[in-house]
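Colleague: Supplied in structure tokens, the structure appears directly below.
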Amino acid sequence: MVYGQDINPWAVRGMQAMLSLGNLREDLLQESVHQVFRHMEPIIKRAYLSGEIWTTHVFRVATVNCPACGEIVWLYPYALLTLDSRRPEEDTAWFGCRRCGAITRGSRSDGALCSDCGARLSAEDLYLPNREMVCSACGFSTKVSHAMANQKPIYRIVLVERAKDGRRWFDRPSKDDLEAAENWPDAELPKGTIPVGKETTVLLRHGFQKWKDLYPARQRFVMDSLFTAIDGLRASDDLKLVLSVAAAGTAEMAGLSSRWDRFYLKAYETTANHRFAFAPFTVEPNVWGHAVSGRGTFTRRVHQLRKSIRWFAEQTGMATAVSHFGATVVEGPSQTMKLADASVDLVLTDPPYYGDVQYGELSQLFWAWLMDKPRNLTKEVLVGQDKDGHAYARLLSEVLMEVRRVLKSGGRLIMTFHNRSPVAYGALAVALSESGFGLLTWKWVLSENDRDFAKRDKSSCTMDLILECVPGKMIHAVVPDEPARADNLEAHFLWTAGTALAGVCNNGQGSPGEIWARVVNVLANHPFTGEPPR
């Protein structure tokens, strides 16, 4: 039997969709996608096709009027906006001029002269250090968010990516490009006001008030039409669930807050690195997708679903497999599980990650498209305003006590964790100890997307600590070999964290305060903690 539970309805919906893949046939999924396309074809062609050339991405730059002199300020974050291709030796690049806004094609190594005003443009030019803008006309400087406090920014199309016959290239927007992006009816979705929160603050600070504000009119209309087409399918509930989750997934590529990796040429979602972010140079993708450029699009997601169906059938030897496993998915806080005492062999959990990811806030973006009202996630195990971590430790202890109740005596709890704050590990140590778990062994592995745009050249955590826990105390831990600190500082930190956790959880001694302090003191002076998480 497989049992899955999460307090977050978006996670539950996704889990239900993925488990239902075992009950679906690949050919029926593909036929349903064809039906959706037949409904969507006129809209897709109007939105993205000009003759035989497809539009795959549209790039905009935010502009505001200078609070001092009233002139337009072009909020390019840097001069070099994108290379021309992914080739390692690529030198041709596209530059944006913050003085006049013009786009110029030039050289990464030599730069360019603006085609309109003649300004010198260099690949090293950074225009918004510390999110501070400077007016090219009068020299007035202020925070971008301050400039936006009393005016709504205008996002102007400055560049497009096109595709034909397996080739992709960049170009300045034509009159047809500008017209294709405008004059779309107001879509019904997404709904709702962006709430005040730890991560949503950055959106509110830069002028976004409703979830629909994150999307250009064309993208919003195409996505809304996609949901309508899926809802009108004559198909099973499982199949419609899978397709609706795929459609909702495209919401993370919001065209007024998604970023562009200028050196690897792909879009990054507005929730990249589990953060909302303000992107003054934004990228709107072709929602449906194209063969040569489709990250985050509907067809790319469907392609992955088809691969999953195929894998499921190959691994199980069954066309319909889930029903044989008796999979059950429950929405609700994990402090209460619908399982009998000592009935589970293995528990897997990934997260919670202390205060790194505000799951409830981030998932509301998707629920705004699925039309469901946000749920009450007050029992979500994470750090919000609780800076000292004690409330987090208490909630995590409640969850792990319930895990301890349902786990067999010889069962295992496998959990992942990462953070650079010693307090996070102090809280984890207290929760493991109070719930009666010892630490058998631990290992560190690279996390997903460890080289992505949002993490590259940043001080982000790029590894996960895998903990194998067992019920009981006085556990003899299998200590992994210590990695060389000079070779990988983060790996050494995680090895040290695992060693500290085993030291306090396996001996059955010490008060919660003593356990907390021992772990925090061991990790406090490690150099990896030098820059704590935001």
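Heads up: the sequence shown is residues 9 to 542, going by the numbering used here.
C-beta atoms are modelled at their ideal positions from N, C-alpha and C, and glycine is treated no differently.
According to the neighbour-count rule (16 or more other Cβ atoms, all chains shown, within 10 Å of its Cβ), is VAL291 buried or exposed?
Modeller: Using a 10 angstroms sphere on the CB of VAL291, the tally of other CB atoms reaches 16 or more, which defines it as buried.
Colleague: Can you tell which of VAL431, GLY418, TYR56 and MET482 has the C-alpha that lies nearest to the C-alpha of TRP192?
Modeller: TYR56
Colleague: For TRP62, which of helix, strand or coil comes out of DSSP?
Modeller: TRP62 carries a strand assignment under DSSP once its states are collapsed to helix, strand and coil.
Colleague: Tell me whether GLU140 sits in a helix, a strand or coil according to DSSP, three-state version.
Modeller: strand
Colleague: Residues in its own chain within less than 6 Å of PRO198 by CB, not counting five upstream and five downstream?
Modeller: TRP219, LYS220, ALA376 and TRP377
Colleague: Along the chain, where does the beta strand (DSSP E) containing GLU277 start, and where does it finish?
Modeller: Unbroken run through GLU277: none, as it is neither H nor E.
Colleague: What are the boundary residues of the alpha helix (DSSP H) that TRP503 is part of?
Modeller: 497–513
Colleague: Does the beta-carbon distance from ILE15 to GLU406 come in below 7 Å?
Modeller: no
Colleague: What residues in its chain sit with their C-beta under 7 Å from that of SER149, if we drop five residues either side in the sequence?
Modeller: GLU140, MET141 and VAL142
Colleague: Contact check, CYS146 vs ASP124 under 8 Å by CB: the rounded distance?
Modeller: About 20 Å; that fails the 8 Å criterion.
Colleague: Out of ASP232, PHE178 and TYR223, state which residue places its alpha-carbon closest to the alpha-carbon of ALA195.
Modeller: ASP232
Colleague: Is PRO540 helix, strand or coil by DSSP?
Modeller: Note that PRO540 has pLDDT 44, beneath the 50 cutoff, so the model's placement of it is unreliable and the number below is only indicative. Looking at PRO540 - three-state DSSP - the assignment turns out to be coil, as it is neither helix nor strand.
Colleague: For THR307, collect the residues of the same chain with a Cβ closer than 7 Å to its Cβ; drop the 5 residues on either side in sequence, then sort them by chain order.
Modeller: TRP296 and GLY297
Colleague: For GLU79, count neighbouring Cβ atoms within 10 angstroms of its own Cβ and tell me buried if that reaches 16, exposed if not.
Modeller: exposed
Colleague: Any idea if THR386 is buried or exposed, counting beta-carbon neighbours within 10 angstroms, 16 or more meaning buried?
Modeller: By the neighbour-count criterion, in which 16 or more other beta carbons inside 10 Å mark a residue as buried, THR386 falls on the exposed side.
Colleague: Buried or exposed: which applies to ARG33, given that a residue is buried once 16 or more other Cβ atoms fall within 10 Å of its Cβ?
Modeller: Under this definition ARG33 is an exposed residue.
Colleague: On the three-pair Cβ rule with 8 Å, is the stretch 19–33 touching the stretch 245–253?
Modeller: yes
Colleague: Taking only the alpha-carbon atoms, compute the straight-line gap between GLU498 and CYS469 and give it to the nearest angstrom.
Modeller: 8 Å
Colleague: Report the option in GLY126, SER130 and ARG95 whose CA atom is closest to the CA atom of TRP102.
Modeller: SER130
Colleague: Let me confirm a value: ALA157 is counted as buried when at least 16 other C-beta atoms fall within 10 Å, else exposed. Which label applies?
Modeller: exposed
Colleague: Exposed or buried, ASN138, counting other C-beta atoms within 10 Å across all chains shown (16 or more means buried)?
Modeller: exposed
Colleague: Whose C-alpha, out of ARG54, THR100 and ALA155, is nearest the C-alpha of CYS77?
Modeller: ALA155
Colleague: Assign PRO203 to buried or exposed, taking buried as 16 or more other Cβ atoms, counted over all protein chains shown, within 10 Å of its Cβ.
Modeller: That one is exposed.
Colleague: In the DSSP assignment, find the alpha helix (DSSP H) that holds ASP353 and state where it starts and stops.
Modeller: First-last for ASP353: 352–357, but that is the beta strand (DSSP E), not the alpha helix (DSSP H).
Colleague: So which of ARG270, LEU448 and ILE317 has the shortest CA-CA distance to LEU36?
Modeller: A check of alpha carbon separations from LEU36 across ARG270, LEU448 and ILE317 identifies ILE317 as the nearest.
Colleague: Quick one: residues in its chain with C-beta nearer than 6 Å to the C-beta of MET423, no 5 flanking neighbours on either side, listed in chain order?
Modeller: THR357 and LEU475
Colleague: So for GLN13, helix, strand or coil by DSSP?
Modeller: strand
Colleague: Taking all protein chains shown into account, do 16 or more other C-beta atoms lie within 10 angstroms of the C-beta of GLY334, making it buried, or fewer, making it exposed?
Modeller: exposed
Colleague: Would LEU531 and PRO430 qualify as a contact pair, given that the criterion is a beta-carbon distance under 7 Å?
Modeller: With contacts defined by Cβ atoms closer than 7 Å, LEU531 and PRO430 form a contacting pair.
Colleague: Indicate the three-state DSSP secondary structure (helix, strand or coil) for ASP269 in the structure shown.
Modeller: ASP269: strand per DSSP, three-state reduction.
Colleague: PHE461 to ASP269, Cα distance in whole Å?
Modeller: Caution is warranted here: a pLDDT of 48 is assigned to PHE461, below 50, making its placement in the model unreliable, and the coordinate value is therefore given only provisionally. The alpha-carbon atoms of PHE461 and ASP269 are separated by roughly 6 Å.
Colleague: For a test of the three-state rule: what should DSSP assign to ARG68, helix, strand or coil?
Modeller: strand
Colleague: Quick check: what's the CA-CA separation for VAL44 versus HIS311?
Modeller: 15 Å
Colleague: Using C-beta distances below 7 Å, list every residue in its chain close to TRP18, excluding the 5 sequence neighbours before and after it, in chain order.
Modeller: SER371, PHE374 and TRP375
Colleague: Taking the beta strand (DSSP E) that VAL478 belongs to, which residues open and close that run?
Modeller: In this chain, the beta strand (DSSP E) harbouring VAL478 covers 471–479.
Colleague: Measure how close the beta-carbons of CYS105 and ALA70 come, nearest whole angstrom, since I'm counting them as under 8 Å.
Modeller: With a Cβ gap of about 15 Å, CYS105 and ALA70 do not count as contacting.
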